[in-house]
Each structure stands twice: as structure tokens, then as C-alpha cells.
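Take a look at the structure below.
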Amino acid sequence: MTDPSTRPAATDVDARVVALPRRPGAPAAIVCLSHLRWDFVFQRPQQLMTRFAADRPVYYVEEPLPAAPGAPAAMERRPCAHSGVTLLTPRVPEGLSGDDLTHALRALLDDALAEANVREPVLWYYTPMMLPMSRHIPASAVVYDCMDELANFRFAPPGLRPLEQELIAHSDLMFTGGYSLFEAKQRLHPDIHPFPSSVDRRHFEQARATPAGRGETARLGFYGVIDERMDLDLLAAVADARPDWTLVMVGPVVKISEDDLPRRPNIDYVGPRDYDALPAALAGWDVALMPFAINDSTRFISPTKTPEYLAGGRPVVSTPIRDVERHYGDLSAVWIAGTPDAFVAACDAALALARGPSADWLTEIDAALADLSWDQTQLRMSAQLDRVQARRLAARTVGVTASSASPRSKPHYDVLVVGAG
């Protein structure tokens, strides 16, 4: 945790934030600072913040968007009715950059928190890039939930790594989105805990109303962001090897060109779907796919879709993603394949399982997922958060007590002259 004395001096707006009272005994508000748009793809931040919002205010701060031409910087505030989360989206004039952008974002955030009567919130980070606009805010705890190795992603900002180092030092508590990421970072923070991807089983079990393997033609699918992590050559190879299969690709295309996508008569790119519609999409498939490329951007991923696919009653075929192999590779409904030929063969085997008479593989899936839920993940994270907040409060109380008991706390000189000798 960063020494408070090293933080930038508070502005007048900062002082207003500090002065606002928080109701005694109420859980501190969470200010979640994320690189992911709330309405983009419903995943880890949305799952957790929706659950935290059940008993405390949650403010979800998005990356800035351009303001209307000629309009000043402003904070767009939007309540999300179904989750209880308040979305805060900075709008800034185009062309604003560097320190000017940081100062504008900082002022917008300070004003928004002051207006909402937020004092000493939990600062919960998904991106280090928002540290400059928020590091000055007095917090009851600072949490870094490191869900991905963002520095390995395409178009990662050059300042991300040094800011992440600062954020780790600034944080009271650190989580990781998987075990491989935990192993890579465990020596960087004294209070770090792995929380792999979880699942809302009830939501995805809706797909089981349509059992896999019952259609006349095989349908294999993927949902998620289609970006540089996707092995597009593998996708083309599978489509070419089995022209009688239909490969359904659900999700937005990001950071790659539409021209990069393999085009085949049996590959169907259907675009993004809302989270509520994913079980219905899954119900239309016989086998669920994770055709990820093996590269730096996938080295530490722990795909949330793995337990979701399984909860929906679909066999899974994946490339060798470390956390998938570790947690699910022993299940009879999961195949790991590292080459196009092996991937096609694994899909053949998965289809045979889906079309077979036995349901033992579904029973095995249910046992594997029995203790996995976003509810439990949020409760365990909340317990860790309570612990570090109590530790902070105890340290502050001890400091105040020691100060008041010290002879130095009351001056005993009428005059004190300090000179150079």
C-alpha cells in the first residue's frame, strides 16, 4: 500500500469528498474502475458488482468517451435498474490528453462522488490505467482484481506495466482471475488470492431443456469476444475438414478486422448476444468450442465460458489453455487438442458423447460444478475485503491512540526556536 504522504495533494474538490460523512456501520460504497464497458459483454466485473450492489452502493466507472462537439467535460451518470449499479461515464472534449486529460477525469470523478455523498469508498480496480484519476481518493480499502494480463493484449497502452506496479504497491488486497495468473504474480503482493472464473449455474442450465446431439446436422458453437486470442486458422481448418458441420460464432469482433475472419459456407457469424440470450444460443449447439490461439494474450486466461458451457450441458473442446486443462481437463466431457487434426477428432468424439445414450457425463459435470458459483465467489471476496478494512481501521485506531498518549501530542514549550546552529 502506498504511503499516503507520497500521494498528490488534495484539491478543493478532494476536500469536499473527504468531508462527507458515511453512515456508521454501513458497508463502504465500491467505486469500480474498469476498462470493460458495462453493456459490452457481461462477465466477471458485472457478475461481482451486481452482487455487491445488493447491500451497498456501487459506482462503475468506465473509460472516457468523447463529449459532444463544443460541450465541456461532464460525467454521464446512469442507474442500471436491473443490477442496482450506477454507471459513471466521463465525457471529455476530443483532443484532451496527458495531464490535461488526467486532471479533467479526476475532477469529474471527485464531483460525482461528492454529489453522491460518498466518503472513503472501496476503490476496486480492473485496470491500472485509471489509477492516475483516482489514486488521490481517500479509501477504506484498495482492491486490484487482476482478471487478465492486460499488458499482453493487442494495443495495450505503453504505460500499463509501470502503472500496474504502482497499483499493486498501492493495493491492500489483490485477486487474480485464475491460478496461472496467481502463480505469475504471487510474489508481487503479500495479500493475493486466486479466484478463478465462476458460473451462474441456474442461468445456463436453461440450455439443458434442449439436450445436445438431437439435431439432424451437427452444430458446434462459440460465444465471447472474437479478437486476437482466437485461432482463426484453426477455425477455418475445422470448417474445411467437416463441411457438413455448422460452426456458430456468437460475439463482437474486436481489435481485429472483419476481413481477417475466415469465410466459409458453414461458419455463421451471428454477432453479439445479450447475457440473457446466451442459454438459448447454447441450446442450439451440440458441442461448445474454445478455439483459442496459444500466444501471450492467452497465456494466463481462465475463460468464464468453460463452466458456463458445461452448466448448459454441452461437451467442450478447447485448445491447451492452462487453466482449462488444470480445472476441467479430467472431465469426460472436456477435450484438449493442440493441432487442427486433433481438434477435429476431439469434436467427433464430443459429438459421439452428446449423441450417446449415457448421461453419466452430465452427472460428472454437476459434481464438478457443485461448489462453483458467483454468489460464493462474491461472498469469499467480501470476507477478504472485510478483513483488510478491519485491519486498516485497527491500524488507524492504534495510530490515533499512540499519538494522543505521546508527550509530543501536546506542546510543552511557550516558544520554540529552530536555527541553523
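For the sequence shown, the residue numbers in our numbering are 652 to 1072.
By construction, the Cβ of each residue, glycine as well, lies at the ideal position given by its N, Cα and C atoms.
It should be emphasised that the depicted structure is a prediction, and the values quoted were computed from it without experimental measurement.
- In this structure the stretch 735-753 touches the stretch 709-724; the number of beta carbon pairs closer than 8 angstroms is three or more.
- If one requires a minimum length of 4 residues, the alpha helix (DSSP H) runs lying completely within the stretch 911-964 are 929-934 and 956-962, in chain order.
- Following the DSSP letters along the chain, one finds Thr897 inside the beta strand (DSSP E) bounded by residues Thr897 to Val901.
- Distance check between Asp799 and each of Thr1048, Arg695 and Ala1003 places Arg695 closest, using alpha-carbon atoms only.
- Met781 and Gln697 have their C-alpha atoms some 18 angstroms from each other.
- The Cβ neighbour count for Glu879, taken over all protein chains shown within 10 Å, is at least 16; the residue is labelled buried.
- The three-state reading of DSSP puts Ser734 in coil, since its state is none of H, G, I, E or B.
- The closest CA to that of Val682, considering only Thr753, Val769 and Asp750, is found on Val769.
- Apart from sequence neighbours up to five positions away, the residues of its chain that approach Leu961 with a beta-carbon distance below 6 angstroms are Ile1016, ordered along the chain.
- For a cut-off of 8 angstroms, the C-beta gap from Asp974 to Ile952 is around 7 angstroms, short enough to register as a contact.
- A distance below 8 angstroms separates the beta carbons of Leu940 and Val968.
- By the Cβ-count criterion, Leu839 is exposed, with fewer than 16 other Cβ atoms from all chains shown falling within 10 Å of its own Cβ.
- A direct Cα-to-Cα measurement between Ala792 and Pro942 gives close to 38 angstroms.
- Annotation: Asp884 to Leu912 spans about 9 angstroms, alpha carbon to alpha carbon.
- With three or more CB-CB distances shorter than 8 angstroms, the stretch 991-1007 counts as touching the stretch 887-897.
- Note that the stretch 824-843 does not touch the stretch 865-876; fewer than 3 beta-carbon pairs, one per stretch, sit closer than 8 angstroms.
- In its chain, beyond the 5 residues on either side, Val938, Pro966, Val968 and Trp986 have a beta carbon closer than 7 angstroms to the beta carbon of Ala1001.
- Between Leu774 and Leu684, the CB-CB gap stays under 8 angstroms.
- Cβ contact annotation for Ile843 (same chain, cutoff 6 angstroms, sequence separation greater than five): Met825 and Gln837, in chain order.
- Counting along the chain, Leu839 sits inside no alpha helix (DSSP H), nor does DSSP assign it H or E at all.
- In the structure shown, Phe833 falls within a helical segment according to DSSP collapsed to helix, strand and coil.
- Between Arg702 and Ala679, the CB-CB gap reaches or exceeds 8 angstroms.
- For Thr701, the enclosing alpha helix (DSSP H) covers residues Arg695 to Phe703.
- As the crow flies, the alpha-carbon of Arg786 is around 8 angstroms from that of His821.
- Scanning its chain for C-beta atoms nearer than 7 angstroms, with the 5 sequence neighbours on each side dropped, one finds around Glu727 the residues Thr740 and Arg742, in chain order.
- Distance from the CA atom of Val736 to the CA atom of Leu764, rounded to whole angstroms, is 14 angstroms.
- A Cβ-Cβ contact shorter than 8 angstroms links Gly829 with Ser848.
- Per DSSP, the beta-bridge partners of Pro717 are Val743.
- Per DSSP, reduced to three states, the secondary structure at Ile877 is strand.
- In the three-state scheme derived from DSSP, where H, G and I count as helix and E and B as strand, Trp689 is classed as coil.
- Per DSSP, reduced to three states, the secondary structure at Ile843 is strand.
- For Ala792, there is no enclosing alpha helix (DSSP H); the enclosing beta strand (DSSP E) covers residues Ala792 to Cys797.
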